Amino acid sequence: MKLNLTPQVSYLAGLCKHKKSKNGIGVAGSTALQAAFAAHVVENMYTAPQKIVIKGKQAYFFHSAYAALLKKTLQRQVDAFCHHNEYAASFLAGLFDSVGGMHGGNVFLLKCDKHDEAVLEKLGFIVEKKGGIWWVAPADVFLKFVKNYRKVDDLLLSGNKLFLKKEPAKKTENRRMPPKKQRAGGRR
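Shown next, in the form of structure tokens:
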């Protein structure tokens, strides 16, 4: 069976890239991510609904032709997704749904490799790594680009939470407090 790359397969490639299940084609993660994966697979008829396996935190299915297509797509992802089109938007939407999120109006990716960075930069986005987190700018342009291709609407449900270290409290000077005035007549 010969399959071709479509925007739907591009989304699946992005979704499974960094949250890949141990078996077959699938994802490992939150129930919302599993639900988005299963809905996408059924909606695009990659396999029958009864053939999707959900075990613990993993959801997957087996299909050798799609596995080969995804492998080939990810090997040449920089060339496949370097243009402003629905293929690139779908891939980045899948990537964002699986390992991305928002914090303070900024877009981040919890996992990213040099190929993902190259795709983002070829599309005109600025990628900066700070503390093991990849920040993508400009956030509003990125969100507009992937808006119509995302499947996980609520970022909190996708399980991608950003835990930043709290800023240490500012040290205050140790000032001596003036002594309390005693009332006339002593204690009561």
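At position 46 of the sequence shown the residue is numbered 45 (numbering that gives the first Met the number 0), and the sequence of numbers has no breaks. Idealized CB from N, CA, C, for every residue including glycine. Just so we're clear, the structure is a prediction, and the values are computed from it rather than from any experiment.
DSSP state of F61 mapped onto helix, strand, coil
On the sequence shown, position 62 is the one that residue 61 refers to. Note: F61 maps to coil in three-state DSSP.
For M101, which residues does DSSP report across the bridge?
Translated into positions along the sequence shown, residue 101 becomes position 102. DSSP lists V106 as partners of M101.
Rounded to a whole number of angstroms, what is the C-alpha to C-alpha distance between A138 and G103?
To locate residue 138, count along the sequence shown from 1; it is residue 139. To locate residue 103, count along the sequence shown from 1; it is residue 104. Spanning the two alpha carbons is a distance of roughly 10 Å.
Are the CB atoms of G25 and Q57 within a distance shorter than 8 Å?
On the sequence shown, residue 57 is found 58 positions in, with the first residue counted as 1. On the sequence shown, residue 25 is found 26 positions in, with the first residue counted as 1. With contacts defined as CB atoms closer than 8 Å, Q57 and G25 qualify as a contacting pair.
Assuming S89 and Y148 form a contact by the criterion Cβ under 8 Å, report the distance between their Cβ atoms to the nearest whole angstrom.
Here residue 89 is taken as the residue at index 90 of the sequence shown, counted from 1. Here residue 148 is taken as the residue at index 149 of the sequence shown, counted from 1. Their Cβ separation, rounded to whole angstroms, is 5 Å, which keeps S89 and Y148 in contact under 8 Å.
Supposed close pair L109, I125 - CB separation, criterion 8 Å:
Locating residue 109 in the sequence shown gives position 110, where the first residue counts as 1. Locating residue 125 in the sequence shown gives position 126, where the first residue counts as 1. About 18 Å; that fails the 8 Å criterion.
Taking C-alpha atoms, which residue in K121, N43, A47 lies nearest to Q7?
Locating residue 7 in the sequence shown gives position 8, where the first residue counts as 1. Measuring from the Cα of Q7, the nearest candidate turns out to be N43.
Determine the burial state of G130: buried for a count of at least 16 other Cβ atoms within 10 Å of its Cβ, exposed for fewer.
To locate residue 130, count along the sequence shown from 1; it is residue 131. Looking at its Cβ environment, which holds fewer than 16 other Cβ atoms inside 10 Å, G130 is exposed.
Run through DSSP, which three-state label would K165 get?
Here residue 165 is taken as the residue at index 166 of the sequence shown, counted from 1. At K165 the pLDDT is 41, less than 50, meaning the model places this residue with poor confidence; the figure from the coordinates comes in the next sentence. If DSSP states are grouped into helix, strand and coil, K165 belongs with coil.
Taking the alpha helix (DSSP H) that V188 belongs to, which residues open and close that run?
This structure gives no information on residue 188, because the portion of the chain shown stretches from 0 to 187.
Compare the beta carbon distance of L4 and L68 with 8 Å and say whether it is the shorter of the two.
One-based indexing of the sequence shown puts residue 4 at position 5. One-based indexing of the sequence shown puts residue 68 at position 69. Using a Cβ distance threshold of 8 Å, L4 and L68 count as a contacting pair.
Roughly how many angstroms lie between the CA atoms of G23 and G100, to the nearest whole one?
Within the sequence shown, numbered from 1, the residue matching residue 23 stands at position 24. Within the sequence shown, numbered from 1, the residue matching residue 100 stands at position 101. If I take the Cα positions, the gap works out to 26 Å.
Paired residues, beta bridge with A27 - DSSP:
Taking the sequence shown and counting its residues from 1, one reaches residue 27 at position 28. A27 is bridged to Q57.
K18 by DSSP, collapsed to three states: which one?
Taking the first residue of the sequence shown as position 1, residue 18 is located at position 19. Coil at K18, not helix or strand.
Taking the beta strand (DSSP E) that V118 falls in, what are its first and last residues?
On the sequence shown, residue 118 is found 119 positions in, with the first residue counted as 1. V118 -> not in any beta strand (DSSP E); alpha helix (DSSP H) instead, spanning 113-121.
Pop quiz: V151 and D96 are said to be a contact at Cβ under 8 Å. What is the actual Cβ separation, rounded to whole angstroms?
Taking the first residue of the sequence shown as position 1, residue 151 is located at position 152. Taking the first residue of the sequence shown as position 1, residue 96 is located at position 97. Indeed, because the Cβ distance is near 4 Å, the residues count as touching under 8 Å.
Less than 7 Å between C-beta atoms, sequence neighbours within five positions excluded: which residues of the same chain meet that for F188?
Residue coverage of the chain in this structure runs from 0 to 187, which leaves residue 188 outside it and unanswerable.
At the level of alpha carbons, what is the spacing between K146 and A79?
Within the sequence shown, residue 146 is the residue found at index 147, counting from 1. Within the sequence shown, residue 79 is the residue found at index 80, counting from 1. Distance between the alpha carbons of K146 and A79 is about 20 Å.
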